[in-house]
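Visitor: Input: one structure, supplied below.
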Amino acid sequence: MNTGRRFSKKKMIILSAIILGIVIVAFMSFLNAIDPFRHLRITIHNQSDYDLTHIQASLVQGDNSSNNNESGSTYIFKKDIPNGANVKFAPQLNLSGEGTVSLEFTDSRGKTYNKMVCGYTEYLSGNSYVTVTNENITVKDECM
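So the sequence shown is numbered by this note's numbering: it starts at 1 and just counts up by one.
Written out as C-alpha cells, the structure reads:
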C-alpha cells in the first residue's frame, strides 16, 4: 500500500497556474526595470481635433543652440497621426556625445509645431510622452 501523498490532476493544474503567474509577474517586472535603458521611444497622444502630419524627430548635438543636424540625426515618421490616436515609435538617430531631441509636426490646419521632447541625452534611451491638445502640447521626458 502506498502511504505517500499524491497530487491530483486538479491540484497540479492549480499549482502550475500559480507558478506560471509568478513567472509572468517576474518577467514583467524585469521588463519595467530595463525600460529606461532601451532605445529612445516617443509616444504621441493626439487628443486634438486635428490630424498630425510631417512628423520628424531631430537631434541637436553639443551645447550650441543652432540646429546641428549631422548625417542620420533626423528621423521622419512616415505615417500621419489621426485625431484621437496614440502612436509610439523609436526614432533612428545617430548620437556621438550629448544632445537634445526635438519633435516637429504640422497639424491638418497647416500650423507647424516644434517641441523639445528629450532635454538632455547621452545614450538616446528612455521614453518621451507627448500629449497634443487643441490648447497646448505637454511633454513628459524620461530620457537618459
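Heads up, the beta-carbon is just placed ideally off N, CA and C, and yes, glycines get one too.
It should be emphasised that the depicted structure is a prediction, and the values quoted were computed from it without experimental measurement.
(1) Could you check whether the stretch 98–109 touches the stretch 40–60, counting it as contact only if at least three pairs of C-beta atoms, one from each stretch, sit closer than 8 Å?
(2) Assuming L40 and V101 make a contact with CB atoms under 8 Å, what is their CB distance in whole Å?
(3) Which of the three DSSP states, helix, strand or coil, is assigned to S96?
(4) Should I55 be labelled buried (16 or more other beta-carbon atoms within 10 Å of its own) or exposed?
(5) My output table needs one value for M28: the three-state DSSP class, helix, strand or coil.
(6) Using only the alpha-carbon positions, how far apart do Y75 and L20 sit?
(7) Please report the straight-line C-alpha distance between N134 and V23, rounded to a whole angstrom.
(8) Helix, strand or coil for S8? Go by DSSP, reduced to three states.
(9) Check N67 in the structure and name its three-state DSSP category.
(10) Can you tell me whether S16 is helix, strand or coil according to DSSP?
(11) By the three-class DSSP mapping on this structure, what secondary structure does G72 have?
(12) Report the three-state DSSP secondary structure of G110 (helix, strand or coil).
(13) How far does the beta strand (DSSP E) with L59 in it reach, from first residue to last?
Guide: Judging by the given coordinates:
(1) yes
(2) Between V101 and L40 the Cβ distance is about 7 Å, and since that is below 8 Å, they are a contact.
(3) coil
(4) buried
(5) helix
(6) Distance between the alpha carbons of Y75 and L20: 40 Å.
(7) 43 Å
(8) coil
(9) Only weak support exists for where N67 lies, its pLDDT of 48 falling under 50; the value from the coordinates is given anyway. Coil at N67, not helix or strand.
(10) helix
(11) Bear in mind that a pLDDT of 48 at G72, under 50, signals an unreliable position, so the number given afterwards is only what the model happens to contain. Coil, per DSSP.
(12) Three-state result, G110: coil.
(13) L52 to Q61
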